[in-house]
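Read through the structure below, which is laid out as structure tokens, and then see the notes.
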Amino acid sequence: MMGLLDQLPLAAGEGSFWMPPKGSTFAFEVDRVFYFIFWVSALFFVLITGLAVFFVIRYRRREGVAPAETPHHNLALELTWSAIPLVLVFVMFYMGVKAMINIETPPSRAYEILVTAQRWNWLFTYPNGYVDKDLHVPLDVPVRLTMRSEDVIHSFYVPSFRIKKDIVPGKYTKTWFRATEPGRHVLFCAEYCGTQHSDMLADIVVHPAGEFERWLEDAASFVDKMPPAEAGRRLYEVRGCKQCHSVDGTAGIGPSFKGLFGAKQALTNGSIVEADENYIRESIMEPQAKVSAGYDPVMPTYKGRLKDAEITAIIEYLKTLAAPRK
Ligand code: CUA
């Protein structure tokens, strides 16, 4: 499932020299404003620079030619060059405000997904309670995101959707979009949030009509359908463990899961504990209680965010990574 996702090509939705591919209704609106301002600016740049250069050459001082008497005032000309830019600026203002109001106002009837941003991954909670590290949405349906942060300021940025919205701790922020291009889009964090900020990426998968419901139903029930260790491996990938804990022994933000289960863990408070079921459960629910020596206490709590069956599945998965018993 995960491997398949990585192979999905990025959604097409024609981009241009200046702009990334278009993936939502906002893209059309935003690009229209951008190109209107761009071409008006380009036209006047060429016109004004061209005329300035032309006049400098045409009316330069020459030997034996006396400077002609120049007109001081031309009311018609002055009114024209004031009125035309005024109208153009008003058009820009109108187009910009109209697009901005639309982007800032989620429709009342929209599919709601809850977003949690934390150092350094994204979690998406669907209406049936399923949580995934990637955002899956139906095509052509307004989707409203209610977003909150576990720690610091993050920013939800999807270039192909033309949306960027800060997520500030202590308050909910909302945004919405209607995807117009099926396939994979990329979500970035656009607010510097610590060492792994640049890795705070997620996929947005836009499913064609009908397929989304099937995906959600299937995804939501995997913990009950799979053997615990396998379900645990999948939870490790979709719930954000992977971001900080490797399974190949390399140290990340947190200790590697390889050989962790059953091993003696030195803690920051100087004591040593055995990483058994209860220690791992406690570390998931209250990560700051017993922090491994050499690591910063940055892990967010998963209390209330992982069900008992899910924690058990993760522990079973860790057992498969344990060092062989001597
Ligand atoms: Cu989260 Cu940068």
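Just so you know, we're using the numbering used here here: the sequence shown kicks off at 8 and counts up by one. Glycine included, each C-beta is placed from N, C-alpha and C at the ideal position. Since this is a predicted model, take the numbers as computed values, not measurements.
May I ask you to check if the CB of residue i is nearer than 7 Å to at least one heavy atom of the ligand CUA?
i    : result
C200 : yes
W127 : yes
C196 : yes
M306 : no
A209 : no
A34  : no
H161 : yes
A273 : no
A339 : This structure cannot settle anything about residue 339, because the visible part of the chain is limited to 8 through 333.
H204 : yes
Which value, in whole angstroms, describes the spacing of the CA atoms of residue i and residue j?
i    : j    : result
F62  : F51  : 16 Å
W25  : P149 : 26 Å
E317 : A106 : 43 Å
E220 : I108 : 30 Å
C251 : D206 : 11 Å
E119 : Y133 : 7 Å
L15  : M102 : Its pLDDT being 48, under 50, L15 is placed unreliably by the model, and the measurement read from it follows with that caveat. If you take the alpha carbons of L15 and M102, they lie about 35 Å apart.
R126 : C196 : 10 Å
T275 : S290 : 14 Å
L152 : R185 : 11 Å
R68  : K172 : 57 Å
L142 : A90  : 48 Å
A117 : M233 : 32 Å
Y286 : T308 : 14 Å
G301 : Q295 : 13 Å
A49  : W183 : 32 Å
G311 : E293 : 11 Å
L82  : V104 : 33 Å
With a CB to CB cut of under 6 Å and the five nearest residues on each side skipped, what residues in its chain are close to residue i?
i    : result
G269 : A329
W129 : A209
P166 : P27
P215 : L146 and P189
V245 : D139 and K140
G22  : P28
Enumerate in chain order the residues of its own chain whose CB-to-CB distance from residue i is below 7 Å, with the five nearest sequence positions on each side excluded.
i    : result
Y336 : Because residue 336 is not part of the residues shown, which for the chain are 8 to 333, the question remains open.
V37  : A106 and R169
K271 : I279 and E281
I260 : Q203, C251 and V305
Y324 : A236, G239, R240 and Y243
Are the beta-carbon atoms of residue i and residue j separated by less than 8 Å?
i    : j    : result
K326 : A236 : yes
M99  : I44  : yes
K29  : P113 : no
R240 : F229 : no
L146 : V213 : yes
R155 : T187 : no
V159 : C200 : yes
K265 : G256 : yes
E198 : S253 : no
S299 : P331 : no
L95  : V60  : no
Taking 8 Å as the CB-CB cut-off, is residue i touching chain B?
i    : result
Q250 : In the structure shown, chain B does not exist; there is a single protein chain.
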